[in-house]
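Peer 1: Sharing a structure with you now.
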Amino acid sequence: MLIAHLSDPHITTGPLAAEPATGLYRALGRVLTLEPAPDCVVITGDLTDHGRPEEYAALREVLGRFRLPVHLVAGNHDLTANLVAEFGPDAAAASDGRGGRVGGGPDRASYSVDYPEATIVVLDSQVDGTAAGTLGAAQLSFLDSELARRPELPAFVCLHHPPIEVGIPFMDGIRLTDGPDFAEVIARHRNVVRVLAGHLHRTVSANFAGSTLSVAPSTYRQIDLCTRSEAPFGYVHEPTGFLLHDLTGDTCVTHLVQVSHAAAPVQGY
Numbered sequence: 005m006l007i008a009h010l011s012d013p014h015i016t017t018g019p020l021a022a023e024p025a026t027g028l029y030r031a032l033g034r035v036l037t038l039e040p041a042p043d044c045v046v047i048t049g050d051l052t053d054h055g056r057p058e059e060y061a062a063l064r065e066v067l068g069r070f071r072l073p074v075h076l077v078a079g080n081h082d083l084t085a086n087l088v089a090e091f092g093p094d095a096a097a098a099s100d101g102r103g104g105r106v107g108g109g110p111d112r113a114s115y116s117v118d119y120p121e122a123t124i125v126v127l128d129s130q131v132d133g134t135a136a137g138t139l140g141a142a143q144l145s146f147l148d149s150e151l152a153r154r155p156e157l158p159a160f161v162c163l164h165h166p167p168i169e170v171g172i173p174f175m176d177g178i179r180l181t182d183g184p185d186f187a188e189v190i191a192r193h194r195n196v197v198r199v200l201a202g203h204l205h206r207t208v209s210a211n212f213a214g215s216t217l218s219v220a221p222s223t224y225r226q227i228d229l230c231t232r233s234e235a236p237f238g239y240v241h242e243p244t245g246f247l248l249h250d251l252t253g254d255t256c257v258t259h260l261v262q263v264s265h266a267a268a269p270v271q272g273y
């Protein structure tokens, strides 16, 4: 099974709309050139820049006729209510008819999707009015039950906020607030092959609760690797890209696929 893991497109409207929309469209076009084709795409949050209804309408337009299943994750720049209003409770941006199992509370876009090779569980760490993220007891219970439902198959757990410090002080201050509780649930289930996240606008990997945390870069712009708390926070013109998770049996290998700075084919759709 192949999963293309994109993140942080920050789709918006108005004068600044072109660059983020082009970044996402170009990344999805690169996905379509991969052979074999991925089974699905996961976009781990900050789908829009302000969470406005017109931004989700613009996101739907960018996704357009994209022909692979796309699973959307809410980030701190999103508003869950507007995301669900546009795409439904299982955030089905594009689908092959594979419905998601919805859970975790009525105000959360959390769901799971069954594939023959693996289970994908999507969690909603967005909290109105704050840049940090929280899952809460209801979603952690949903996660626990979903991971136990098919224990013989690998599972991918997807959320926006990384659950641990990564050494970038500004971003560490707005990480997942209930990371230790999340880690307790993950540690109980040995079938979790990857925890997929975004938020950092950088490619980051780390051991986490007996599994591996994989953070995808942004399809829009990257954050400077500023590891000193007194250093100014800012963006850098580094390559955009995405991660490709290659699952064979219970072994998962992750590749970085660069997009903006690569002499690689891109398909329209």
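Heads up, the sequence shown is in our numbering, so the first residue is 5 and it goes up one at a time. From the three backbone atoms N, C-alpha and C, an ideal C-beta is built for every residue, glycine too.
(1) To which residues does DSSP link THR134 through a beta bridge?
(2) Could you give the distance in angstroms between the alpha-carbon of HIS9 and the alpha-carbon of GLY133?
(3) Could you give the distance in angstroms between the alpha-carbon of THR17 and the alpha-carbon of LEU163?
(4) Is PRO236 buried or exposed, if buried means 16 or more other CB atoms sit within 10 Å of its CB?
(5) I need the boundaries of the alpha helix (DSSP H) containing ILE190, first residue and last residue.
(6) Just to check, is the beta-carbon of GLU90 closer than 8 Å to a non-hydrogen atom of the ligand MN?
(7) Could you give the distance in angstroms between the alpha-carbon of GLN279 and the alpha-carbon of VAL189?
(8) Would you list, in sequence order, the uninterrupted alpha helix (DSSP H) runs of no fewer than 4 residues that lie entirely inside the region 61 to 118?
(9) Who are the Cβ neighbours of ALA210 in its own chain at under 6 Å, not counting the five residues just before and after it?
(10) Just the C-alpha distance for LEU83 and ASP250, rounded to the nearest angstrom, thanks.
(11) Is the region 76 to 90 touching the region 227 to 234 in the sense that three or more CB pairs, one from each, lie closer than 8 Å?
(12) What whole-angstrom Cβ distance do SER129 and GLU150 have, given they're in contact under 8 Å?
(13) If we count the other Cβ atoms within 10 Å of its Cβ and call it buried at 16 or more, is LEU200 buried or exposed?
(14) Which first and last residues belong to the beta strand (DSSP E) in which VAL35 is found?
(15) Checking 9 Å against the spacing of the C-beta atoms, do ILE153 and THR181 come in under that value?
(16) Tell me, please, which residues DSSP counts as bridged to CYS230.
(17) DSSP beta-bridge partners for SER215?
(18) Do GLY272 and GLY107 have their CB atoms nearer than 9 Å?
Peer 2: To lay it out plainly:
(1) For THR134, DSSP assigns no beta-bridge partner whatsoever.
(2) One C-alpha to the other measures close to 26 Å.
(3) If you take the alpha carbons of THR17 and LEU163, they lie about 25 Å apart.
(4) By the neighbour-count rule (16 or more Cβ atoms within 10 Å), PRO236 is not buried but exposed.
(5) First-last of the alpha helix (DSSP H) with ILE190: 183 to 191.
(6) You won't find the ligand MN in this model; it holds no ligand whatsoever.
(7) In this structure the chain extends from 5 to 273, so residue 279 is not present and cannot be described.
(8) Qualifying alpha helix (DSSP H) stretches, in chain order: 84 to 91.
(9) Within the same chain, and ignoring the five residues on either side of ALA210 in sequence, the residues whose Cβ sits closer than 6 Å to its Cβ are LEU217.
(10) The C-alpha of LEU83 lies about 31 Å from the C-alpha of ASP250.
(11) Proximity of the region 227 to 234 to the region 76 to 90 falls short of the contact definition, fewer than three beta-carbon pairs being nearer than 8 Å.
(12) Here SER129 is actually not in contact with GLU150; their C-beta atoms are around 16 Å apart, not less than 8 Å.
(13) Per the 10 Å Cβ criterion, buried.
(14) VAL35 -> not in any beta strand (DSSP E); alpha helix (DSSP H) instead, spanning 22 to 35.
(15) Here residue 153 is Arg; the residue named in the question, Ile, does not match the sequence. In this structure, THR181 does not lie closer than 9 Å to ARG153 by Cβ.
(16) According to DSSP, CYS230 bridges with nothing at all.
(17) Beta-bridge pairing by DSSP links SER215 to PHE212.
(18) Contact check for GLY272 against GLY107 fails: the beta carbons are separated by 9 Å or more.
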